[in-house]
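Numbering (this note's numbering), first residue to last: 3 to 55.
Cβ atoms here follow ideal geometry from the backbone N, Cα and C, with glycine treated the same way.
Report on the structure given below.
Next comes the structure, spelled out in structure tokens:
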């Protein structure tokens, strides 16, 4: 399993604000080579990445 934490920062100060999103990708997804696409889809759904990226 791979775990990725996306830390959120304050837009003014650029400092970590204590909030984060965690994404965990299992071995089956990794073996299929779908990790990047899976994380991107989750990040879009959470509003971290723009929908038209």
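{"Asked": "Beta-carbon proximity list for residue 21, same chain, < 6 Å, skipping 5 on both sides", "Found": "10"}
{"Asked": "DSSP-derived helix/strand/coil call for residue 13", "Found": "coil"}
{"Asked": "Supposed contact pair residue 5 and residue 26 - C-beta distance, whole angstroms, cut 8 Å", "Found": "5 Å"}
{"Asked": "Paired residues, beta bridge with residue 5 - DSSP", "Found": "26"}
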